[in-house]
Every structure is written in structure tokens, then in C-alpha cells.
Amino acid sequence: MVRGARSRRPPAGEEDAEKEYEVDVEPDRWKSSSRNSRLELMGRLPPLRRLSRIPGADADAEGGFLRGLVIHPDNKLYRSWTRFIVGWAVYSSFLTPFEFAFFMGLPRKLFFLDIVGQVAFLIDIVLKFLVAYRDPDTYRIVYNPTSIALRYCKSSFIFDLLGCFPWDAIYKVSGHKELRYLLWIRLTRVLKVREFFTDLEKDIRVNYLFTRIVKLIVVELYCTHTAACIFYYLATTLPESMEGYTWIGSLQLGDYSYSHFREIDLATRYVTSMYFAVVTMTTVGYGDIHAVNVREMIFVMIYVSFDMVLGAYLIGNMTAMIVKGSATERFRDKMKEVIRYMNRNRLGKDIREQIKGHLRLQYESSCTEASVLRDIPVSIRAKISQTLYMPYIEKTPLFKGCSEEFLQQIVIRLQEEFFLPEEVILEQGSAVDQLYFVCQGALEGVGIGEDGQETILMLEQGNSFGEIAILCNIPQPYTVRVCELCRLLRLDKESFAHILEIYFADGRKLLSNLTESNEYGKRVKHVESDITFHIGKQEEELTLRVNNAAFYGDLHQLTGLIRAGANPKNTDYDGRSPLHLAASKGYEDVVHFLIHEGTDINLTDKFGNTPLLEAVKQGHERVATLLFSKGAKLNLENAGSHLCIAVSKGDSDFIRGALAYGSDPDSKDYDHRTPLHIAAAEGFYIMAKLLVDAGASVLATDRRGTTPLDEGHKSGSKPLIMLLEQAKVDELSKFPTRGEEVRDKMHTRRCSVFPYHPWDTDAKRKEGVMLWIPHTINELIRSAQEKLGLSSSCLRLLCQDGATVQDVDMVNDGQKLYLVGDKDMGDSE
1 MVRGARSRRP PAGEEDAEKE YEVDVEPDRW KSSSRNSRLE LMGRLPPLRR LSRIPGADAD
61 AEGGFLRGLV IHPDNKLYRS WTRFIVGWAV YSSFLTPFEF AFFMGLPRKL FFLDIVGQVA
121 FLIDIVLKFL VAYRDPDTYR IVYNPTSIAL RYCKSSFIFD LLGCFPWDAI YKVSGHKELR
181 YLLWIRLTRV LKVREFFTDL EKDIRVNYLF TRIVKLIVVE LYCTHTAACI FYYLATTLPE
241 SMEGYTWIGS LQLGDYSYSH FREIDLATRY VTSMYFAVVT MTTVGYGDIH AVNVREMIFV
301 MIYVSFDMVL GAYLIGNMTA MIVKGSATER FRDKMKEVIR YMNRNRLGKD IREQIKGHLR
361 LQYESSCTEA SVLRDIPVSI RAKISQTLYM PYIEKTPLFK GCSEEFLQQI VIRLQEEFFL
421 PEEVILEQGS AVDQLYFVCQ GALEGVGIGE DGQETILMLE QGNSFGEIAI LCNIPQPYTV
481 RVCELCRLLR LDKESFAHIL EIYFADGRKL LSNLTESNEY GKRVKHVESD ITFHIGKQEE
541 ELTLRVNNAA FYGDLHQLTG LIRAGANPKN TDYDGRSPLH LAASKGYEDV VHFLIHEGTD
601 INLTDKFGNT PLLEAVKQGH ERVATLLFSK GAKLNLENAG SHLCIAVSKG DSDFIRGALA
661 YGSDPDSKDY DHRTPLHIAA AEGFYIMAKL LVDAGASVLA TDRRGTTPLD EGHKSGSKPL
721 IMLLEQAKVD ELSKFPTRGE EVRDKMHTRR CSVFPYHPWD TDAKRKEGVM LWIPHTINEL
781 IRSAQEKLGL SSSCLRLLCQ DGATVQDVDM VNDGQKLYLV GDKDMGDSE
């Protein structure tokens with residue numbers, strides 16, 4: 001290609017950012033649009049020979065990660081090492097001033113940790129002689145070992161080596177305090193932290209504003225930390241007898257005195273020093289803690305002067321960040337990008353002026369960024385995309401059998417991209433967030449195994465890749481590499497997922513195509529279990545959507561889901577069907593539709609609830625009537641417990657509904673108590689009336705032999721007692737034998753019987769027996785006679801006042817009785 005003419009210069013007064021860059025002019029026979037030029041180039045390039053590669057085969061290539069013993073700076077292992085050494089640099093940078101001020105030799109644990117750190121830095125020194133670097137002039141990687149060594153020796157080798165020396169140990173051996181000052185050489189390791197933040201600012205994956213703020217916080221924290229250590233060190237330079245002439249020795253905060261501060265715990269001393277440093281930095285230097293001796297005053301003056309510079313640096317950086325995000329800066333950046341785009345695509349002068357004028361207009365009228373990008377209406381862009389890309393998408397095996405509307409949504413979100421030979425688009429094991437379709441060119445799918453790389457498939461026009469990883473939510477199963485110059489259509493994962501949420505039936509079709517189509521046979525064989533799992537997961541999500549539509553009564557959405565293939569008989573994690581949810585919310589139209597669709601009307605969920613029971617619980621009478629008319633049942637497990645609990649809560653609606661739809665009013669709970677027992681015991685007249693009208697028995701006994709009538713007498717409610725007594729009369733008139741059955745079951749009353757007259761003296765008294773009270777007085781006398789061994793035939797029972805007991809109904813529970821004959825009566829007289 002020949003470098004030709006330039007576009008005309010803009011008139012004087014236009015900004016430099018608007019300068020037109022050089023344009024490469026092709027021969028007349030190649031003059032066409034950028035896209036057509038690339039397509040012509042695709043036809044001219046010969047097919048690339050496809051080879052199976054072995055890792056390390058390109059070791060001598062310019063972009064290789066390893067050349068002999070020289071390490072490429074982008075080597076993954078070396079980059080991991082640099083992050084590791086940055087961590088040690090942060091530790092060493094903060095520990096060095098702390099060690100110098102607070103320790104005269106590190107404690108045992110920190111000493112061993114320090115040795116590990118110094119060994120790591122020594123290894124890093126060795127690696128620095130083996131790492132290639134990028135020449136700042138040519139921007140090429142330099143692999144020459146001599147050049148690498150000379151560059152490192154001229155930069156930081158001496159400081160790195162001296163920083164690894166154990167200066168505290170040398171000081172202890174030699175006794176020269178001046179040697180301890182060499183510890184400060186280790187502060188040069190701060191440069192590694194600065195380089196780390198510099199690289200982080202260039203990383204587009206990390207928010208730039210966040211990185212800068214963290215960097216400024218670290219700078220401020222490190223400066224105050226170092227100053228705090230120096231403040232404390234200045235205090236320790238005076239002997240203990242002169243501690244009162246130091247800032248901390250003379251410090252009195254409230255009732256707490258810092259005299260003999262060397263004996264105070266380390267944390268308190270450090271926090272106090274840090275507080276002094278921070279307060280001094282943020283104020284004028286004289287607060288509740290202040291300098292005392294001359295040396296401290298000198299350092300405070302130096303420190304406050306330095307804080308002025310530091311404050312200006314922090315404020316300046318924050319201001320720069322704010323200005324960087326201004327509308328003017330965004331406009332300038334957008335203008336530069338548009339100009340570069342126009343130069344790259346060789347747009348004519350007229351359209352250049354129109355685009356620049358449009359951007360200026362949008363900026364001056366304070367329109368949003370979205371309006372700036374809306375150069376062409378969305379409807380027109382959609383029609384263009386359908387015309388250009390629909391033929392390729394329709395031929396893709398992935399979309400076989402999908403609806404036209406679904407394909408149209410896919411097409412209008414496609415982005416066209418070109419890739420040169422040997423470029424790796426997707427790597428095996430990576431997380432995929434793009435789906436690609438091949439329009440022109442050829443690619444190869446490469447699997448990496450123990451024996452190196454092996455080509456497992458070829459991708460040509462009409463194929464797609466990335467769909468398995470996106471649809472099944474798994475890492476990319478194979479590497480995709482370009483063999484020939486390719487024209488691809490790209491679809492973002494987020495847009496694709498949004499389309500699938502709307503056209504979920506087509507999403508299910510895609511998964512079916514993955515497992516059934518011959519085109520995917522080799523690709524999905526080793527991930528078939530993942531696909532099966534994802535299909536099951538999608539079924540669960542679809543069930544939740546159906547249940548959600550039923551819960552909110554959205555009949556339109558529910559109809560669409562079921563018509564699209566959703567099964568209304570499926571249940572969620574709690575075993576609830578859509579009919580359960582619709583019945584519990586009282587949506588009569590949704591319930592009628594689901595019954596028509598064949599949903600099981602007597603299905604029981606994990607909590608034992610049927611749709612009819614849900615409707616009764618929530619008081620939806622019309623829905624309950626509809627379900628009951630279709631043959632629905634309550635199917636109450638432990639019906640007695642349910643009804644008793646409802647009675648105790650006063651839920652008359654549930655009781656009325658449960659009784660109306662087949663529940664037995666005499667159902668018993670674990671204590672053999674019926675709902676009428678509870679109603680009578682609580683004095684609930686309305687509840688009792690409901691149960692009596694439903695046929696509940698007032699003579700049913702619980703585990704203790706108590707009847708609802710007994711409970712009613714205990715409650716003391718006269719209307720309730722009258723109701724139960726009348727019910728008893730009605731019940732006995734219908735079932736005459738039921739009274740005897742009840743008496744047979746009632747053995748809860750007992751009495752004590754003694755074989756002497758109640759008026760006898762203590763000398764004549766004997767032991768008695770405790771007996772259950774039978775049905776008649778004669779049975780009680782006969783039973784007591786047998787137990788007490790009395791032979792007299794004319795026996796009768798007396799109470800404590802000497803009166804004769806004529807009937808068992810006169811005997812109270814636990815009452816004392818006395819069994820006597822005619823002879824005993826005479827003796828007592």
C-alpha cells in the first residue's frame with residue numbers, strides 16, 4: 001500500500017484533538033469500504049496450514065514465554081511471583097519503621113518471619129537477572145542476559161541487596177548503634193508497591209477511580225505510620241530518667257498517665273504514636289499531644305511542612321479524578337475516538353464534518369451519552385442487521401426449529417468482528433461471555449491433553465462456538481484458534497440470556513439441539529452430564545416461573561408458559577403445584593384453567609396440604625366450592641389436630657369450610673380430644689354450635705374419660721351448657737346405647753373406702769382402699785366389701801357426716817366413704 005495524501009487541516013482555532021490523522025490510500029482497484037477491503041483480503045490470503053501444537057514449541061518466537069533461562073515478563077508464574085513479592089514488600093515497608101522504633105531486635109516469631117521475607121527478596125534478586133524487559137524506545141522485549149544484568153545493576157540491585165542484610169543482628173554483634181539506621185534501606189521496597197499500583201491503574205478490569213483512591217489512602221496511611229514510629233523513636237532516645245521531657249513521657253490523657261511509658265503494652269504505645277502523627281498532620285501541629293523537647297519540635301516542623309506537600313498532593317489527585325469524569329473530558333475522549341475511527345475507515349470529508357458537528361451539537365445541548373451514540377435509529381439498525389446476518393443465523397444448527405421472533409432478537413444484537421490467523425479467541429477452561437457465529441473463514445477447535453494439543457474439530461461458515469459454555473454454565477471445553485482470516489458475528493452473553501428469559505421455549509429447543517444434532521456429537525460427548533444437569537435445572541426454573549404466574553394470578557403469562565410447553569403438573573421444591581398457589585390466593589379463573597389443563601386436584605405437598613385445603617385455610621369459598629365440585633378432597637392428615645388447633649385459635653371460617661367439605665366433626669387429636677372438647681373447654685359458644693350442628697357428639701370421651709359436656713360444665717358458660725345439654729338429649733334420643741357406652745369408658749372418678757364408722761375413735765380405725773367409682777352404688781359396695789374382706793351382708797356407705805350415700809352420682813372425685821353394717825351402726829351409737 002502507498003502512503004498518500006492527507007486530509008485538509010482544520011482552520012485555525014480548532015482544537016488539536018480534532019486534527020485529522022494520516023490516511024492510507026489504496027490503489028484505485030482496491031478503493032472500497034473497510035469491510036469490503038477486508039473481505040477481498042480474505043479471498044486473497046492462502047489457507048493457513050493447520051498444525052497440532054506442543055506447549056513450548058514456539059520458545060524462540062518473539063512472543064514466547066521462555067527463551068532459554070530468560071523469563072518473559074508476562075509469564076503467568078512470574079506475574080504470580082511479583083504479586084507474592086509485593087505482599088512481602090508491603091509487610092517489609094510497614095515493619096521496618098516499626099522495628100526501628102519499637103524493637104531493639106525482633107521477637108522470636110517476627111524474627112523467623114523476617115528471615116522468610118529476606119529469603120524471598122533474595123530469590124527475587126536472582127530472578128531479576130533472568131527477567132526480560134521491554135525497551136522504552138523500541139517497545140520490544142529484550143532477551144539478552146547481559147543487557148538485563150547491566151540494566152538491573154544500574155537501577156536497584158545495590159539497594160535490594162543491602163536491604164536483605166540482617167542489620168539488627170549485625171548491630172547486636174558489633175554494638176554500633178549507627179548500623180541500625182541501615183534498616184531504612186529497606187524502605188526502597190516501597191517502589192515495588194508503587195509499581196504495583198501503576199500496573200493496577202493500567203488494568204482495565206479494575207475501576208480506575210477505586211484504584212486511585214486506594215493508592216492515596218495507602219500513601220497517607222504509610223506516611224502517618226512512619227511519622228508515628230519516628231515520634232516514638234525520638235522519645236526513646238532520652239534515658240529513662242528524662243522521660244518527662246518527651247512528648248509521651250509527659251503525656252496525661254484524662255486520669256491516664258504515660259509516665260514510664262516503656263512499661264506500657266506495645267499496642268497502646270503504637271496507637272498513641274499513630275494518634276499523635278495523624279492529629280499533627282491534620283491540624284496545625286499543636287493539639288492535646290505536642291512536642292516537648294527541641295528534637296521533637298524540629299521533627300514536628302519538618303513533618304508539618306511535609307504534610308503541606310502531602311495534602312496538596314492528595315487534594316490535587318482527588319481534584320484531577322473529579323475533573324477527569326467531567327462532561328468536557330468525556331466529550332474530548334469521545335471526539336478523539338470518533339476521529340480515529342473515521343481515519344481507520346477512510347470516511348470522506350463531508351461525512352466527517354457531519355459527525356463532528358453532530359457530536360458538538362449533542363455536547364452543547366447537554367444531551368445524554370446514549371443520545372450521542374444514537375447516530376442511526378434503532379429500527380433502521382435492526383433492519384440492516386436482519387438483512388445482513390439473518391441468512392447466516394438461519395443456517396446455524398444451534399437454532400434449528402426456533403421461532404422467527406427469537407431469531408430476529410438474536411440478529412439485531414449481533415456485532416461484526418474480524419480476526420487474523422493464529423489468534424486465540426476462546427481458551428479451554430476459560431469463562432465464556434461471548435457467543436460467536438462464523439460467517440466467513442475457518443477456525444479449529446483444539447483440545448489440550450497430556451500429549452499436547454490435538455485438533456478435535458473444524459469450524460466453518462454456519463458453525464458457532466461458545467454456546468456450550470454459555471448454555472450449560474461451564475468453562476469453555478476446548479480452545480478456538482483462527483486458521484484463516486475470519487469474519488465472525490458476536491453476541492454478548494448478557495443479551496443472549498435476556499432473550500432466553502423471554503423466549504424460554506426456544507431456550508429449551510437450543511438444549512435439545514445440543515444433544516440431538518449430529519453437528520454437536522463430538523463436542524458435547526464429554527460434557528453430556530453437564531448438559532443433562534442444566535436441562536433439569538432449566539425445568540426447575542420453568543416450574544418456578546409457572547408457579548410464580550399462578551401465585552400472582554397472571555393468567556395471560558400462565559397460559560403462554562403452558563402453551564409453550566411448560567407442564568402444569570410439575571411441583572416446586574415444597575411439592576406445591578400451580579393449583580396449590582392459585583387456590584391459596586383465591587384466583588378462580590386461574591384455578592379453573594389449571595383444572596382444565598389436567599392438574600391433579602388432590603395432590604398433597606410436603607406439608608400435607610391439598611389445593612382444597614389451601615382454599616379453605618385462606619377462606620376462599622368460591623374457589624373451594626369449585627374444587628369440591630370437581631372432586632377435590634381435603635385429605636387432612638391428623639384431622640383432629642388440625643380442627644382442634646383451628647378451634648383454639650377461633651378460626652370459625654376454617655371450621656365451617658372443613659366441615660362443609662367432608663371433615664369428621666368427631667375427629668380426635670393425640671389426646672383423643674375432639675374439636676367440641678376444645679370449644680366447650682374454652683367457652684366458645686359459636687364454635688360449639690357449629691360443631692353440634694355438624695353432628696359432633698357431646699358424649700365423646702378423651703383419654704381421661706371427659707366429655708365435651710363435662711368441659712362445658714367446668715367452663716361455667718350457661719348458654720354453652722344449655723346447648724350441650726340439649727345436644728345430649730337429642731343424641732341420646734337418636735342413639736340410646738351411647739350413654740351406656742360413655743359410662744363404660746368413664747373411670748376418672750375415684751373414692752377412698754374405710755371399714756369403720758366415721759364417728760369411731762382412733763383406736764377403732766383401720767386401713768381402707770381406693771376404688772374407681774362404678775356405675776351403681778351396689779357395685780361400689782360389693783367391690784369395697786371384696787377388697788376389705790368384710791363378711792356382713794347388710795352393708796351401706798356413709799359420708800364423713802354420717803349420712804348414707806344412696807347413688808354414685810352423689811360421690812365426688814376423691815371423696816372419703818365409710819363401709820359399715822348394722823352392727824357397726826349400733827356400736828357407734
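Numbering-wise (full-length UniProt numbering), the sequence shown opens with residue 1 and increments by one.
Cβ atoms here follow ideal geometry from the backbone N, Cα and C, with glycine treated the same way.
In the structure shown, what three-state DSSP assignment does E772 receive?
-> Residue mapping note: residue 772 aligns to position 772 of the sequence shown, counting from 1. A small fix is needed here, since residue 772 is Trp in this sequence, not Glu. Reduced to three states, the DSSP call for W772 is strand.
State the Cα-Cα distance for the pair D605 and H642, rounded to the nearest angstrom.
-> In the sequence shown, residue 605 corresponds to position 605, counting from 1. In the sequence shown, residue 642 corresponds to position 642, counting from 1. Straight across, the Cα-Cα distance linking D605 with H642 is about 16 Å.
Would you mind giving the Cβ-Cβ distance between D307 and M281, rounded to the nearest angstrom? I have them listed as a contact below 8 Å.
-> The sequence position of residue 307 within the sequence shown is 307, counting from 1. The sequence position of residue 281 within the sequence shown is 281, counting from 1. So it is a contact: roughly 5 Å between Cβ atoms.
Pairing CB atoms from the region 424-434 with CB atoms from the region 535-547, are three or more of them under 8 Å?
-> No, because fewer than three Cβ pairs between the region 424-434 and the region 535-547 fall closer than 8 Å, the two stretches do not touch.
For S147, collect the residues of the same chain with a Cβ closer than 6 Å to its Cβ; drop the 5 residues on either side in sequence, then sort them by chain order.
-> Against the sequence shown, residue 147 aligns to sequence position 147. Excluding sequence neighbours, S147 sits near nothing in its chain.
Taking V591 as the reference, which of D572, G608 and T559 has the closest Cα?
-> Translated into the one-based positions of the sequence shown, residue 591 becomes position 591. Per the Cα distances, T559.
Excluding five sequence neighbours on each side, which residues of the same chain lie with their C-beta closer than 6 Å to the C-beta of Q815?
-> As a working mapping, residue 815 is identified with position 815 in the sequence shown. The residues are C751.
Can you give me the start and stop residues for the beta strand (DSSP E) that D168 sits inside?
-> Sequence index remark: in the sequence shown, residue 168 carries index 168 (1-based). Counting along the chain, D168 falls outside any beta strand (DSSP E), though it belongs to the alpha helix (DSSP H) covering W167 to S174.
Beta-carbon contacts of S326 that lie in its chain and below 8 Å, excluding the five residues immediately before and after = Within the sequence shown, numbered from 1, the residue matching residue 326 stands at position 326. Its pLDDT being 45, under 50, S326 is placed unreliably in this model, and the value from its coordinates should be taken loosely. Here S326 has no same chain residue with a Cβ atom under 8 Å from its own Cβ, once five neighbours each way along the sequence are excluded.
Going by CA-CA distance only, name the one from I355, K349 and A320 that's closest to E337.
-> Here residue 337 refers to the residue found at position 337 of the sequence shown. Check the Cα spacing between E337 and each of I355, K349 and A320: the tightest is with I355.
Which one or two residues does DSSP pair with K816 in a beta bridge?
-> Your numbering for residue 816 matches position 816 in the sequence shown. Answer by DSSP bridge pairing, in chain order: S752.
Just reading off the alpha helix (DSSP H) that D710 is part of, what are its end residues?
-> Within the sequence shown, residue 710 is the residue found at index 710, counting from 1. Residues P708 to S715.
Coarse secondary structure for R180, derived from DSSP in three states = Taking the first residue of the sequence shown as 1, we reach residue 180 at position 180. DSSP, read as helix, strand or coil, puts R180 in helix.
Any 3 or more C-beta pairs closer than 8 Å across the region 702-709 and the region 662-675 | Yes, the region 702-709 touches the region 662-675.
Contact under 8 Å by Cβ, F94 with H225 | In the sequence shown, counting from the first residue as 1, residue 94 sits at position 94. In the sequence shown, counting from the first residue as 1, residue 225 sits at position 225. Yes, the pair counts as a contact, with Cβ atoms nearer than the cut-off.
Secondary structure at R381, three-state DSSP: helix, strand or coil?
-> Taking the sequence shown and counting its residues from 1, the one referred to as residue 381 is at position 381. Three-state result, R381: helix.
Rank S92, I123 and L127 by C-alpha distance to the C-alpha of L113 and give the top, closest one.
-> In the sequence shown, residue 113 corresponds to position 113, counting from 1. Taking only the C-alpha atoms, the option nearest L113 is S92.
When the Cα atoms are used, what is the spatial distance from V193 to Y233?
-> Stepping through the sequence shown from its first residue, residue 193 is reached at position 193. Stepping through the sequence shown from its first residue, residue 233 is reached at position 233. A straight-line Cα-Cα distance of about 25 Å links V193 and Y233.
Test: L790 CB closer than 8 Å to a CB of chain C = Of the protein chains in the structure, only one exists, and it is not chain C.
Taking the runs of the alpha helix (DSSP H) that are 4 residues or longer, which of them lie wholly in the region 555-621?
-> Counting only unbroken stretches of 4 or more residues, the alpha helix (DSSP H) elements lying wholly within the region 555-621 are 555-563, 578-585, 588-596 and 611-618, in sequence order.
Which residues does DSSP pair with C486 in a beta bridge?
-> Here residue 486 corresponds to residue number 486 of the sequence shown, with the count starting at 1. DSSP, once it has assigned bridges, lists F419 as partnering C486.
Mind checking whether Q476 and A469 have CB atoms under 8 Å apart?
-> Working through the sequence shown from its first residue, we reach residue 476 at position 476. Working through the sequence shown from its first residue, we reach residue 469 at position 469. Yes.
Between the C-alpha atoms of C439 and I339, what's the straight-line distance to the nearest angstrom?
-> If you number the sequence shown from 1, residue 439 lands on position 439. If you number the sequence shown from 1, residue 339 lands on position 339. A direct Cα-Cα distance of roughly 29 Å separates C439 from I339.
Where S648 and E404 are concerned, what is the direct C-alpha to C-alpha distance, given to the nearest angstrom?
-> If you number the sequence shown from 1, residue 648 lands on position 648. If you number the sequence shown from 1, residue 404 lands on position 404. One C-alpha to the other measures close to 60 Å.
Where do the N-terminal and C-terminal ends of the alpha helix (DSSP H) with R765 fall, by residue?
-> Taking the sequence shown and counting its residues from 1, one reaches residue 765 at position 765. Unbroken run through R765: none, as it is neither H nor E.
Based on Cα-Cα distance, which residue from E467, D433, F406 and R487 lies nearest to G441?
-> The sequence position of residue 441 within the sequence shown is 441, counting from 1. Nearest C-alpha to G441 among E467, D433, F406 and R487: R487.
Are the Cβ atoms of F276 and F210 separated by less than 8 Å?
-> Here residue 276 refers to the residue found at position 276 when the sequence shown is read from its first residue. Here residue 210 refers to the residue found at position 210 when the sequence shown is read from its first residue. No, these two residues do not count as a Cβ contact at 8 Å.
When the distance is taken between beta carbons, is L612 closer than 8 Å to L634?
-> Position 634 of the sequence shown holds residue 634. Position 612 of the sequence shown holds residue 612. Cβ atoms of L634 and L612: closer than 8 Å.
Run through DSSP, which three-state label would I289 get?
-> In the sequence shown, counting from the first residue as 1, residue 289 sits at position 289. Here I289 sits in coil by DSSP.
Reduced DSSP category for M810 - H, G, I as helix; E, B as strand; rest coil | Here the question's residue 810 lines up with position 810 in the sequence shown. M810 sits in a helix when the DSSP states are folded into three classes.
Is the beta carbon of A681 less than 8 Å from the beta carbon of L691?
-> Here residue 681 corresponds to residue number 681 of the sequence shown, with the count starting at 1. Here residue 691 corresponds to residue number 691 of the sequence shown, with the count starting at 1. With respect to L691, A681 sits apart: the two C-beta atoms are not nearer than 8 Å.
Is the Cβ-Cβ distance between L443 and R481 less than 8 Å?
-> Taking the first residue of the sequence shown as 1, we reach residue 443 at position 443. Taking the first residue of the sequence shown as 1, we reach residue 481 at position 481. The criterion of a C-beta distance shorter than 8 Å is satisfied by L443 and R481.
DSSP puts E540 in a beta bridge; with which residues?
-> For this step, residue 540 is matched to residue 540 along the sequence shown. Beta-bridge pairing links E540 to no other residue.
Quick one: measure Cβ to Cβ for K177 and Y152, integer angstroms, because I've assumed they're closer than 8 Å.
-> By 1-based counting over the sequence shown, the position of residue 177 is 177. By 1-based counting over the sequence shown, the position of residue 152 is 152. At roughly 32 Å, the Cβ-Cβ gap does not stay under 8 Å, so K177 and Y152 are not in contact.
Express the C-alpha separation of P755 and G768 in angstroms, rounding to a whole number.
-> The count along the sequence shown starts at 1 and reaches residue 768 at position 768. The count along the sequence shown starts at 1 and reaches residue 755 at position 755. Take the alpha-carbon of G768 and the one of P755: they are about 6 Å apart.
With DSSP as the reference, label E444 as helix, strand or coil.
-> As a working mapping, residue 444 is identified with position 444 in the sequence shown. The answer is strand: DSSP assigns E444 an E or B state.
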